[in-house]
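Structure first, commentary second.
2 protein chains.
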Amino acid sequence: MNGDHHHEHAHAARSDLTRNQSLVFDTLEGADAPLTAYNILDRLNGEGLRAPLQVYRALDKLLDLGMVHRLESLNAFVACRHPGCATHEAVAFAICDDCGSVAEITDSSLVDALDTITRSADFKPRKTTVEMRGLCSDCQAA
Amino acid sequence: MNGDHHHEHAHAARSDLTRNQSLVFDTLEGADAPLTAYNILDRLNGEGLRAPLQVYRALDKLLDLGMVHRLESLNAFVACRHPGCATHEAVAFAICDDCGSVAEITDSSLVDALDTITRSADFKPRKTTVEMRGLCSDCQAA
DNA sequence: GTAGGTGATGTTATATCATTACATCGCGTT
DNA sequence: AACGCGATGTAATGATATAACATCACCTAC
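Structure (structure tokens):
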């Protein structure tokens, strides 16, 4: 603890994770759509995970570390796709309701707009959720 | 049905609502914080509502009509505070985690930013959620 | 005015998502 | 050896949401 970090985003590498945390993270990273905690549990019951809490605890830690995002509108989770997990503020998600794909988007205009809003309302945000549900490029064709 | 409406937002007045829908809407409108479906059910069990589905069905209809919003990050609902419920796109919510107050915000810069994002990603949004959780002006003082 | 359509209602049961409570274990520090 | 501390395992429960089915009220068409 050297005092240089304002946030607790240590950005632990996968090697720092416990067994349960690794299992959960690998499952999310290997999925091509968001997974619920119970989806993850189903996929890991061969590895010895039997209770929801084992998954939820791992997810809590991974969320803390910024390695996983929670999609509020789905009650589901995705692995962070950011190269290096650079920014952990004002990420927007474009979620396809047809194929389940999720695009993770950072945009400075969006950050600016949200920042302006909070300033003028004198609101101090702790966590911001931006989720767009609709159809991705591929699925609009169909 | 005159064909002039692209959307199905008939903006029914309260007088067009059924008994259950009115009860649910009035409960939400009278609350000073978001309520879950079960919160609403608890407050209305004196009026003859006994099953969750009675509340969820009323909420579905009120959501369709644009008279109520769902807050995804809380799994809860609020009455729309827009004068006349003018715009039903890209509304942002500032939710105080301390006192539970919810500010409903529309901002053209935000709409523009989201629009730009969806254009460049060729994403067709059906519903957009923007929720900021944090501390309102009043509660920052404490 | 009666047959049928449509949307709201009531009720039971069940599915889905998440946490509380408590005992235990591994491991580094004192 | 004793302790602190974070992770783990397990059972039970709480909280949110929907499925399935029967019925009712009202409007419209014939």
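Just so you know, the protein sequences line up as chains A and B, in that order. Convert by adding 368 to the 1-based position in the first sequence; the result is the number in my numbering. Convert by adding 368 to the 1-based position in the second sequence; the result is the number in my numbering. We put the CB at the ideal spot given by N, CA and C, even for glycine.
{"Item": "Where are the alpha helix (DSSP H) runs, 4 residues long or more, that stay fully inside the stretch 443 to 505 of chain B, in chain order?", "Value": "476 to 489"}
{"Item": "Excluding the 5 residues flanking Q422/A on each side, which residues of the same chain have their C-beta closer than 8 Å to its C-beta?", "Value": "N388 and L409"}
{"Item": "Use the C-beta contact count for M500/A: other C-beta atoms within 10 angstroms, 16 or more gives buried, fewer gives exposed.", "Value": "buried"}
{"Item": "Kindly list, in the order they appear in chain B, the residues whose Cβ is closer than 9 Å to that of D428/A.", "Value": "Within chain B, no residue comes near D428/A; the closest Cβ sits about 16 Å away, beyond 9 Å."}
{"Item": "Give the interface partners of D394/B over in chain A, defined as CB-CB distance under 7 Å, in chain order.", "Value": "The premise fails here: D394/B is roughly 27 Å from chain A at the closest Cβ pair, so nothing lies under 7 Å."}
{"Item": "Let me make sure I understand the geometry here. Which of D465/A, N413/A and A458/A has the alpha-carbon closest to that of E472/A?", "Value": "A458/A"}
{"Item": "Among the candidates A401/B, T395/B and T484/B, whose CA atom is the shortest distance from the CA of I463/B?", "Value": "A401/B"}
{"Item": "Using only the heavy atoms of the ligand ATP, determine whether one of them is closer than 8 Å to the beta carbon of F491/B.", "Value": "The ligand ATP is absent from the structure shown, which contains no ligands of any kind."}
{"Item": "When you compare only the Cα positions, how much space is there between H437/A and T404/B?", "Value": "24 Å"}
{"Item": "Where does E440/B land, buried or exposed, given buried means 16+ other C-beta within 10 angstroms?", "Value": "buried"}
{"Item": "Using a C-beta to C-beta distance shorter than 9 Å, which residues of chain B count as neighbours of L501/A?", "Value": "For the record, residue 501/A in the displayed sequence is Arg; it is not Leu. Result: P493, R494, K495, T496 and T497."}
{"Item": "Do the stretch 478 to 491 of chain A and the stretch 469 to 485 of chain B make contact, defined as three or more Cβ pairs closer than 8 Å?", "Value": "yes"}
{"Item": "Helix, strand or coil for A378/B, going by three-state DSSP, please let me know.", "Value": "Since pLDDT at A378/B reaches only 46, below the 50 mark, its modelled position is unreliable, and the value read off the structure follows with that caveat. Residue state, collapsed to three classes: coil."}
{"Item": "Note down the Cα distance separating G398/B from A460/B, rounded to an integer number of angstroms.", "Value": "21 Å"}
{"Item": "Which residue's Cα is closest to the Cα of G468/B: F491/A, R418/A and D384/A?", "Value": "F491/A"}
{"Item": "Keeping to the same chain, check which residues put their C-beta closer than 6 Å to that of L442/A; ignore five residues upstream and five downstream.", "Value": "P402"}
{"Item": "Check the DSSP bridge columns for L439/B and list the partner residues they point to.", "Value": "A444/B"}
{"Item": "List in chain order: all unbroken alpha helix (DSSP H) runs of 4+ residues lying wholly within the stretch 397 to 429 of chain A.", "Value": "405 to 412"}
{"Item": "For T497/A, is the classification buried or exposed, using 16 other Cβ atoms within 10 angstroms of its Cβ as the cut-off for buried?", "Value": "buried"}
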